[in-house]
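Going by my numbering, the residue at position 168 of the sequence shown is 233; the numbering climbs one at a time, nothing skipped.
Note that beta-carbon positions come from the ideal geometry of N, C-alpha and C, so glycine has one too.
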Amino acid sequence: SDVAEKLNGQNQVVDFTDDTTGSPHASARANTAMYVNECGHDTNLVENVCSLETCRSVSYYIYIDRPMEAGETRELLINYREKYEDIRERRGYGLVNIHDGVKGDDDDVSRVLRNQKERLPTEATIMSCSEEEIRMLVNFISERVLGGVIGATSQVPIGTDTDVLARQYVARRRIHWMSKLCERRLLELTKNQEDDSPSEGNESSIFQEGMVVFVHGWMDQNDPRPPYKGLSTILSITKDQFDRDCFELSLPKGKYLTNVPAAVV
66 SDVAEKLNGQ
76 NQVVDFTDDT
86 TGSPHASARA
96 NTAMYVNECG
106 HDTNLVENVC
116 SLETCRSVSY
126 YIYIDRPMEA
136 GETRELLINY
146 REKYEDIRER
156 RGYGLVNIHD
166 GVKGDDDDVS
176 RVLRNQKERL
186 PTEATIMSCS
196 EEEIRMLVNF
206 ISERVLGGVI
216 GATSQVPIGT
226 DTDVLARQYV
236 ARRRIHWMSK
246 LCERRLLELT
256 KNQEDDSPSE
266 GNESSIFQEG
276 MVVFVHGWMD
286 QNDPRPPYKG
296 LSTILSITKD
306 QFDRDCFELS
316 LPKGKYLTNV
326 PAAVV
């Protein structure tokens with residue numbers, strides 16, 4: 066959620082996730098708002114929580130229409146209105162899911178297409194940054210995010226939560242992707258593009274054969290096996306019909322995946 070007040074001349078947002086882990090931070094877990102569910106378009110669920118934004122925070126107000134008995138429980142429900150619709154669609158209960166049969170992110174192809182679409186505005190933002198804005202972005206990632214992500218993905222203790230591990234590997238892959246975008250932008254700003262910029266064919270490729278990557282729940286539609294989530298090794302890199310990276314991956318126990326899109330690793 067956006068905050069009206071600026072900090073050091075920059076826009077602020079209310080964020081409940083930890084910069085290093087991506088999980089809810091301690092302050093969020095200590096507040097009731099963390100445990101409020103979203104009723105969305107389900108007419109069987111009645112909203113009993115409303116939010117009020119001030120210049121510095123978001124407050125939740127609970128409305129219960131009658132006194133509660135001792136030991137009684139009540140699910141807290143809020144409606145985040147139209148701004149939350151993209152999240153509903155990813156989770157499979159948006160209007161297009163209900164009325165048009167659009168699939169949520171539990172469908173591999175649908176998730177990949179959404180991920181690819183959402184990358185475009187991020188790329189456009191970075192590629193329009195000034196040198197100072199690139200510096201601020203790199204400093205934030207290196208000082209607040211990078212160390213924790215590298216630590217979490219370099220050594221994995223036994224018993225590590227697989228969802229947290231998957232999120233950290235996705236974060237590490239995205240940081241690497243953003244670093245290449247920042248490098249491209251700085252080259253555009255500081256060097257003669259014709260002589261010094263990398264060729265277009267190599268700009269978007271951040272992968273190499275033999276690189277270990279994390280597959281975020283994917284399986285080809287024609288493969289009867291369940292979606293795979295875990296580590297794999299890139300055996301070969303090709304291009305799909307849209308000139309995007311596509312991989313053949315080696316999995317544990319001598320298994321393989323083919324035609325794996327870059328959006329899921």
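Cα atoms of V280 and T97: separation of roughly 34 Å, rounded to the nearest angstrom. The shortest C-alpha to C-alpha distance from N113 to any of E134, I143, T119 and D170 is the one to I143. Taking all protein chains shown into account, E208 has fewer than 16 neighbouring C-beta atoms within 10 Å of its C-beta and is therefore exposed. Within the same chain, no residue comes within 8 Å of Q306 by CB-CB distance, once the 5 residues on both sides are set aside. It is roughly 16 Å from the alpha-carbon of E188 to the alpha-carbon of R200. Under the rule that a run must span 3 or more residues, the beta strand (DSSP E) segments found entirely inside the segment 237-312 read 277-283 and 293-304. Distances from the CA of G282 to each of D228, A95, V167 and R139 were compared; the closest alpha carbon is that of D228. Between F81 and the set S92, G74 and K71, the nearest pair of CA atoms involves S92. Under the three-state reduction of DSSP output, V174 falls in the helix class. The residues E103, in chain order, have a CB closer than 7 Å to that of Y145 in the same chain once the five nearest residues on each side in sequence are set aside.
The beta carbon of A328 sits closer than 7 Å to those of V177, N180 and Q181, all from its chain and outside the five residues before and after it, given in chain order.
Per DSSP, reduced to three states, the secondary structure at S88 is coil, with no helix or strand assignment. DSSP places S219 in the uninterrupted alpha helix (DSSP H) bounded by G212 to S219.
Assignment of beta-bridge partners to E118 by DSSP yields V123. Judged by DSSP secondary structure, L202 falls within the alpha helix (DSSP H) whose first and last residues are E196 to F205. Residue environment analysis places A236 among the buried positions, since at least 16 neighbouring C-beta atoms fall within 10 angstroms of its C-beta. A distance of 9 Å or more separates the beta carbons of Y100 and L72. The Cβ atoms of L202 and I191 lie closer than 9 Å to each other. Rounded to whole angstroms, the gap between the alpha carbons of T255 and S195 is 11 Å. Only exposed fits V123, as fewer than 16 other CB atoms lie within 10 angstroms of its CB. Using a Cβ distance threshold of 9 Å, V278 and L296 count as a contacting pair.
Per DSSP, reduced to three states, the secondary structure at L316 is coil, with no helix or strand assignment. Inter-residue distance for T303 and F312 is about 6 Å (C-alpha atoms, whole angstroms). Counting along the chain, the unbroken alpha helix (DSSP H) around L160 starts and ends at L160 to D165.
Nearest neighbour of I129 by Cα position, chosen from Q286, E118, V111 and T119, turns out to be V111.
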